[in-house]
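One structure is given below, encoded as structure tokens.
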Amino acid sequence: MMREPRLYGMAIAAMVVSSLLLYLAPLIPTIVIDGVLFNSGDGPTAFERFVLRLMGGEEFVSSNLWWTAVVILLLTATAGVFAYFRGVWSALATERIIQRMRDDLYRRLQRAPLGFIDRSETGDLIQRCTSDVDTLRIFLSVHVVEIARAFAMLIVPLPIMLLVSPLMTLMSVLLLPFIVVFAVFYFRRIRTAFLHVDEAESALTSTVQENITGIRVVRAFAQQEQECDRFGERNARHRDLDNHLYRVLAWFWSLSDLMCMTQKILVVGTGLVLLATDRLEVGAFFFFLTVVGMFVWPIRQMGRILADLGKAQVAFGRIEHILGQPEESEGEDGVHLHSESVSGAIMFSNVSFSHDESAVLEEISLDIKAGSTVALVGPSGCGKSTIINLLMRFYDPDEGSIELDGVSLLEIDRGSLRSNLSVVMQEPFLFSRSLRDNLMMGRIDAEEGDIVEAATVAAIHDSIMEFDEGYSTVVGERGMTLSGGQRQRLSIARALLRDPAVLILDDALSAVDTRTERAILAALKERHHRHTTIIIAHRLTTVMQADEVFVMDKGRIVDRGTHAALLERTGLYRQFWDIQQSGANASGVDAEGGKS
Amino acid sequence: MSSSTPHLEDVLGTVDRGLWRRIARHASAYKGAAAGMIIGGVLIAIVEALMPFIIGVLVDSIIDGSNTGKITWLSLAYVFCCFAFCVLVWCFIVAAGKLATGMAHDLRRESFKRLQELESAYFDLQPAGWLVSRLTSDCRKVSSLMPWFLLDICWGITFLGLVGVGMLLIDFILGLCVLVVVPFLVVVTAYFQSRLLRSSRLMRKTNSELTAVYNEGITGIRTTKSLSRERDNAVEFMDVSRSMRDYSMLNAIETSVFLPIVTTLGGLGVGIALWVGGVQIEGGEGISIGMLIAFMQYAVLFSMPVRELAARLSDLKGAEAAAERIQGLLEREPAIGDSPEVQSRIDGANVSSGSSLANDGGMSQIETIEFSGVSFWYKKEEPVLRDFNLAIRPGETIALVGPTGGGKTTIASLLCRFYEPNEGAVLFNGVDYRDRSLHWLQSSLGIVLQDPHLFSGSIARNIGYGQPTAGIDAIKAAAKLVEADEFITRLPDGYDTEVGEGGGRLSVGQRQLVALARAILKDPQVFVMDEATSSVDTQTEFQIQKGIEATLSGRIAIVIAHRLSTIRTADRILVIEQGCIREQGSHQELLAAEGAYRDLYRRHFADPA
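As given, the protein sequences belong to chains A and B, one line each in that order. Going by this note's numbering, the final residue of the first sequence carries number 596, and the count climbs one at a time with no gaps. Going by this note's numbering, the final residue of the second sequence carries number 609, and the count climbs one at a time with no gaps.
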């Protein structure tokens, strides 16, 4: 179909030839029985004589009956060869289309703006990429040819059937329209029943999922019995709906069997009457008996094929939804930054950004000197992380401009921009491969020495060496789990390894204990001026060392200054500090330690 | 059919019969339906075998010019067979539904129950998704295969037997000639089924790899973009995508070779029948025209039962892994649970509600908790706790502090009996908790974990989890105590707001507050809080301090936190390092001692540089 018309055309042609040959095969016994074995007075018809002449003449066939066996075998074998090509070609066409589709989907997901991914649910996206693609695959590989086949199987034998007996032909197709209509209509009911079972099953699945992920809570509240009851309810509901589906199917198959059987009885009955009155020959009777079987049963599939066509259309629409997303512009005309020459000076001028129509940032202006360390603090939801998202160009501001080294971000090639910024997130993502590969992710040419150095600065080297396989340990394999702190430290090492112009720690030390945090900050300080460093943190002790602290609240910058300067004012920063210090002051410890 | 038996045995021989016998036991409640499948299979085979035969006899009778009585009788028999066939189809699908859905239901019920009983360590080792598919796809696979297996085996063997024997009885030589095809059919079918089984396994495996890569690509998108790895990832993805295509093609090619060979073998049978039978008819001896027609039909029909038999056997093999996993889960004995003695005490105790006795007849009130010489390890060489001793007095609040990996969470888990000590004992009121009811213990505790799991449903339902009788006023009171009321009432649906799966629509901090309110509403005897407010912002944390302090007063509480301000007010602070208590005492005492705690404290709040 799409983009592989030649292969599908060849597959359909092969299929037509193969079914033609399969129809011819039962014709041979027909002719042999009527023309040679059981010559009922009036002698062979012209058609029979023609076929017999092709096989070497009446006499030859009569005395060499083995030859008919060879002809039948040759016919079915040739039909088989064509059937083989039909299968392979349609599979090849389909698999090519599907492989391209999968690759496109993945590429598109990698390049889609972050906003699209954030708005979507992961499970839903994955479902579109896997089961929807599979629905389409099955439809393309099986049903495209199958639809052509259903028509071919009906139309191809018609001339031969009419040639043999017009009356028998009529009797053979009499009920077909009814069977098709029945199958199509009934299949709607079946689909509804299927949908109900699917829904019940996903309810069942999420009950189990929730129970397992929350198993400790279930125990903590001693709710095992109640959970069993809750599950039992859904389990029973699923069983009943599934059972109902079986019943619907039972009616469908038995009724459609009944119609097909009736069709067959019509053929047999008419055939026998014609046979008794000598208006039909035995061989022709056998021919119709076989042919009816060949197209009556497949015709029942029409209902399913049509239903699948509907499903495939829906699946295709869902896939197109992803493929129709814009890609992040591949800034071919954008400025490419040279890592060596980027100094890391950042400037936000009057930047505003809103999300879902509510303002997240309002007229933010920031200037960060190259090589300095600045901190962003403020209550949750004040817009700290949004600043990072804008800087990384995960999103673009609605108003205002952001510059790196005096160049507007919009003019810089996106990939080139990101390779000069390294961000470490609160919940860092590690890929399920070895620790070394994870660290090298951002710098493929890193050498072992660089890796160890970065890991040492991030205070994770020792922990890695404690694993049985050291740096070759694979993340997430065989129950190998890393604690939140270890993950954070690993991703700090990953970021450092890239030696970026700008290093961003977005609450990246929250799961690291204070002693380790101190070690990391001290090590980073030694690398001071190598990077511009932006730190977001809740714990103010983390940010005390910064050259400048920006205090944010409700999307605005409400204060800025060094730790010491900010403490002297009675602002939000001071308030935070007091809360966090309340214990210390009460106990009389001198905690006015901001000596930076 | 004796010639084909060894080949069937080849396939059957590799099927784990013991496993399936054990699985089949779960179908014992549906014996009627199973018997129905077996009888239905035999009957339908008889009907199907009869139909070509009746037609053959009919044709002969008409050609011979037999009396119309016989013809009418035979025609009626044919029509009867047709209807019987349809009725049988209806019956066995309904019976199959009963058996398959019933068995799936029972397997799921048993598995779910077992999951509720299994110890926590089991869940640490198995990813949740893996366990979920035990109860969903594995159960479905195993149970939906059962009825069709029964049906097709009975149908196939009866059909092959009847037709084979019947043909030999009607005309031994001709029958033998047509049956010559069958062994080839069996060999070809067995060969291709096993190949198809293999290639479809490869497809499934690659497919789950594909899903995993998509998953990683989507959940790791920020990291990918930050590291500018879009292109590299896409290239790596194409490898998996290509191997998926290769396996799909392999499977398609195998199918495309297999089916034509089967059809050709059918054609060979027809050809042989026509040749040998034709020679007989020409000689005027032996078989009649009608029977020849019947023989030729049988020659085509033979491939069906052979194919179905092989397909069912390979289904069985294909589902073996699933069956093993389910059976493994069902047969796993919980490592932590009520001992037989405790169980008999629970059965024997007749405790009325409101009594001061627990369900095992012991004292319900918890006065003291003691860790006595407790050691715990996952791996023996690396103990997490070593000879840990701690006696908690009535109403005492204990704070655990110390570096990550020091064993704080393990102490809490041992107290909750999520794990049991490898050495030593945990004593409640002086009695080893292994001699008490697990249900009593866990329902007496209020546990708040760092990762606050919420269940999908409204916020009110989550706070009221485990307390179905709690009214909305009580729920609101608990929420107010932890300052959650403010953010909840600001939500569009207030307390009726759906929290989403796992509480995903709330921030981690909000989830922690809800979890805290949930524990408070339960009004437990003992609180266990593991980093319960780690993601709550500083201001809120400050505001809820008073509420928590009030709640904890008069109860035993174990609190773990990084933030020292949270635990400052504890009666006793334990500094845990490397599985041991490094220091203990009140906040003041420890500061005065100038030890590890003071170090920790200073590092946390002040810059020592």
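Ideal placement from N, C-alpha and C gives every residue a C-beta, glycine not left out. Just so we're clear, the structure is a prediction, and the values are computed from it rather than from any experiment.
Within 9 Å of chain B by C-beta, residues of the region 208-229 of chain A in sequence order: Val208, Gln209, Glu210, Asn211, Ile212, Thr213, Gly214, Ile215, Arg216, Val217, Val218, Arg219, Ala220, Phe221, Ala222, Gln223, Gln224, Glu225, Gln226, Glu227 and Cys228
Contacts that Gly362 (chain B) makes with chain A (C-beta to C-beta distance below 8 Å): Chain A residues near Gly362 (chain B): none, gap ~16 Å exceeds 8 Å.
Paired residues, beta bridge with Thr397 (chain B) - DSSP: B:Ala557
Val314 (chain A), DSSP secondary structure in three states: helix
Residues that Leu390 (chain B) bridges to, as DSSP identifies them: B:Phe371
Residue-level contact to chain B via CB, Leu496 (chain A), 7 Å cutoff: Not one chain B Cβ lies under 7 Å of Leu496 (chain A).
Partner residues on chain A for Asn215 (chain B), Cβ-Cβ distance less than 8 Å: From the beta-carbon of Asn215 (chain B), the residues of chain A found nearer than 8 Å are Thr122 and Ile126.
Supposed close pair Lys384 (chain A), Ile579 (chain A) - CB separation, criterion 8 Å: So it is not a contact: roughly 18 Å between Cβ atoms.
Residue interval of the beta strand (DSSP E) (run including Asp367 (chain A)): Ser358 to Ile368
Beta-bridge pairing of Cys580 (chain B) - partner residues as DSSP gives them: Its beta-bridge partners are B:Glu577.
Expected contact under 8 Å - CB spacing of Ala651 (chain B) and Gly361 (chain B) to nearest Å: What the structure shows of chain B is the stretch from 1 to 609, and residue 651 (chain B) is not part of that stretch, so it cannot be assessed.
Buried versus exposed call for Arg417 (chain B) [16 or more other C-beta atoms within 10 Å across all chains shown]: Arg417 (chain B) comes out buried.
Boundaries of the alpha helix (DSSP H) in which Ile346 (chain B) is found, first to last residue: Pro340 to Gly348
Closer than 6 Å: Leu250 (chain B) CB and nearest the ligand GDP heavy atom: Looking for the ligand GDP in the displayed structure turns up nothing, as the structure carries no ligands at all.
Cβ distance (whole Å) where Glu549 (chain B) is taken to contact Thr533 (chain B) below 8 Å: That pair is no contact at about 13 Å.
Chain-ordered neighbours of Trp251 (chain A) on chain B, where CB pairs are closer than 8 Å: Trp90
Interface flag, Trp577 (chain A) vs chain B, CB-CB below 7 Å: Output row for Trp577 (chain A): interface = no.
Backbone secondary structure at His355 (chain A) - three-state DSSP: strand
Rounded straight-line distance, which links the Cα of Ile289 (chain B) to that of Gln301 (chain A): 34 Å
Environment of Ile261 (chain B) [buried if 16+ CB atoms lie within 10 Å]: buried
Same chain only: Cβ atoms within 6 Å of Ser408 (chain A), ignoring 5 sequence neighbours per side: Ser401
Residue span of the beta strand (DSSP E) that contains Thr532 (chain A), given as start and end: From DSSP, the beta strand (DSSP E) with Thr532 (chain A) extends over Thr532 to Ile536.
For Pro383 (chain B): DSSP bridge partner residues: B:Trp377
Chain-ordered chain B contacts of Ser141 (chain A) [CB-CB under 9 Å]: Within chain B, the residues near Ser141 (chain A) are Ser248 and Ala252.
Through-space distance from Arg332 (chain B) to Gly423 (chain B), alpha-carbon basis: As written in the sequence, residue 423 (chain B) is Glu, which differs from the Gly given in the question. Rounded to whole angstroms, the separation of the alpha carbons of Arg332 (chain B) and Glu423 (chain B) is 23 Å.
Span of the alpha helix (DSSP H) around Phe80 (chain B): Bounds of the alpha helix (DSSP H) holding Phe80 (chain B) are Thr68 to Glu117.
Chain-ordered neighbours of Met261 (chain A) on chain B, where CB pairs are closer than 8 Å: The answer, in chain order, is Cys82, Phe83, Phe85 and Cys86.
Chain-ordered neighbours of Trp66 (chain A) on chain B, where CB pairs are closer than 7 Å: Those within 7 Å of Trp66 (chain A) in chain B are Trp275.
Contacting residues, own chain, Cβ-Cβ under 6 Å from Leu309 (chain A) (five flanking each side not counted): none
Chain B contact for Ile387 (chain A) (CB, 7 Å cutoff): no
Assigned exposure category for Met465 (chain A) - 16 Cβ within 10 Å defines buried: exposed
Strand pairing of Ser408 (chain A), partner residues [DSSP]: Checking the DSSP bridge columns, you'll see Ser408 (chain A) partnered with A:Glu403.
Per-residue burial, Trp130 (chain B) [other beta carbons within 10 Å of its own, 16 or more giving buried]: Answer is exposed; the Cβ neighbour count stays below 16.
Within-7 Å CB hit, Gly324 (chain A) to chain B: Chain B has no Cβ within less than 7 Å of the Cβ of Gly324 (chain A).
Residues near Trp148 (chain B) in its chain [Cβ-Cβ closer than 8 Å; skip 5 each side]: Ala96, Arg312 and Asp315
Beta-carbon proximity of Leu417 (chain A) to Thr386 (chain A), cut-off 7 Å: No, the Cβ-Cβ distance between Leu417 (chain A) and Thr386 (chain A) is not below 7 Å.
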